[in-house]
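Enquirer:
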Amino acid sequence: MSLKLHRPTSVEKTSHQVAEPRRIGSSNGIRRHAWLPCTRMERCIHRASLIAVASSSSTTSTERAERKDDGKKRLAVFVSGGGSNFKAIHHAIRQGEIRGGEVVVVVTNAPSCGGAEYARQHGIPVLVYPPRKSQSSSSSTSESVSTAEELAIDQLKEKFNVNLIILAGYMKLIPGTVVDTFPKAIVNIHPGLLPSFGGKGFYGSRVHEAVIRSGARFSGPTVHFIDEEYDTGPILSQAVVPVYPTDTAETLASRVLKEEHILYPRCIAAICEDRVEWRDDGIPFIWEAL
2 MSLKLHRPTS
12 VEKTSHQVAE
22 PRRIGSSNGI
32 RRHAWLPCTR
42 MERCIHRASL
52 IAVASSSSTT
62 STERAERKDD
72 GKKRLAVFVS
82 GGGSNFKAIH
92 HAIRQGEIRG
102 GEVVVVVTNA
112 PSCGGAEYAR
122 QHGIPVLVYP
132 PRKSQSSSSS
142 TSESVSTAEE
152 LAIDQLKEKF
162 NVNLIILAGY
172 MKLIPGTVVD
182 TFPKAIVNIH
192 PGLLPSFGGK
202 GFYGSRVHEA
212 VIRSGARFSG
222 PTVHFIDEEY
232 DTGPILSQAV
242 VPVYPTDTAE
252 TLASRVLKEE
262 HILYPRCIAA
272 ICEDRVEWRD
282 DGIPFIWEAL
């Protein structure tokens, strides 16, 4: 089996810019070349990886929570809303498009949200974090926060044996203690092309409104690993869609969301199949298997 980065098709290469391959190293006789992203004239969409096809697990949630050495990545999905990206990832797992990974727990700050309800309907345990005020202790705020973080980390690490956290519309900043506990193992999807249109306050329709106001001709989702700030972690992959002169935040959001539901499962598949490598400067990239 040889490994290489996604090489644009002949159609994709009829774009404004086409990158030439650059040799970046070899391992065990495998030649590797890096390709810079190309845009596609017809749809202006660049996709960074292929979907991996395999059979999905049919075990129950209880069995998943108890099993720790089956070789699969154990995924925790954090949601705050409807969870459409969570549903897309879960569907890809059930369809065998993501191998080597299974959702073992959903974490939410809004226990009645659509994503949490979907998890319950499919037998996936739901944890509430941060806990609601009625659930927190009567001690000082800082002590309560610290205790909540410790309990959440303990549940994720010890009870569910989680080794990858997926943020899918989770509207809270992930605490530094959680980031430190899961280094290079927390990913997020943002509805804009980072590093532009990101940071605190840039989410949902606010991102699309800012894109339209700026006059940008392209937008699209970004999958990135997270750090302790909003939207500043290393970028893993992006997709590109056009921005039309007549676009509203709603029409642009719809176009971007379709790409999110394609891009995010592909990135999760790559992580679960150990096809993500890190350059010495801390930038991740995806290899595809041929």
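In our numbering, each number is its position in the sequence shown, counted from 1, plus 1. Each residue gets a CB set at the ideal place from its N, CA and C atoms; glycine is no exception.
(1) For alanine 149, is the beta carbon positioned less than 7 Å from some heavy atom of the ligand MN?
(2) Mind checking proline 196: buried by the 16 CB within 10 Å criterion, or exposed?
(3) To test your reading of the DSSP string, which unbroken beta strand (DSSP E) runs of 3 or more residues are found completely within the region 128-212?
(4) Among Pro266, Asn86, Arg276, Trp288, whose alpha-carbon lies nearest the alpha-carbon of tyrosine 171?
(5) Would you check if there are 3 or more beta carbon pairs closer than 8 Å linking the region 103-122 to the region 190-204?
(6) Along the chain, where does the alpha helix (DSSP H) that runs through alanine 93 open and close?
(7) Please classify tyrosine 265 as buried or exposed, where buried requires at least 16 other C-beta atoms within 10 Å of its C-beta.
(8) With lysine 259 as the anchor, note down where its alpha helix (DSSP H) starts and where it stops.
(9) Quick one: what does DSSP say glycine 292 is sitting in, helix, strand or coil?
(10) From the DSSP secondary-structure annotation, give me the bridge partner or partners of glycine 234.
(11) Between glutamate 150 and the rest of its own chain, which residues show a CB-CB distance below 6 Å, the 5 nearest in sequence each way excluded?
(12) Alpha carbons only, please: which of Pro246, Leu237, Thr249 is nearest the one belonging to tryptophan 288?
(13) Alpha carbon to alpha carbon, how far is valine 212 from serine 220? Give it in angstroms, no decimals.
(14) Tell me which same chain residues have a C-beta within less than 8 Å of the C-beta of serine 206, skipping the five on either side of it?
Expert: According to the structure shown:
(1) Only the bare structure without any ligand can be found here, which leaves the ligand MN out of the picture.
(2) exposed
(3) 165-168, 187-191
(4) Asn86
(5) no
(6) 85-95
(7) buried
(8) 250-273
(9) Residue 292 falls outside the range modelled here, since the chain spans only 2 to 291, and no answer is possible.
(10) For glycine 234, which the question treats as bridged, DSSP gives no partner whatsoever.
(11) Pro176, Thr178
(12) Leu237
(13) 7 Å
(14) Ala250, Glu251, Ala254
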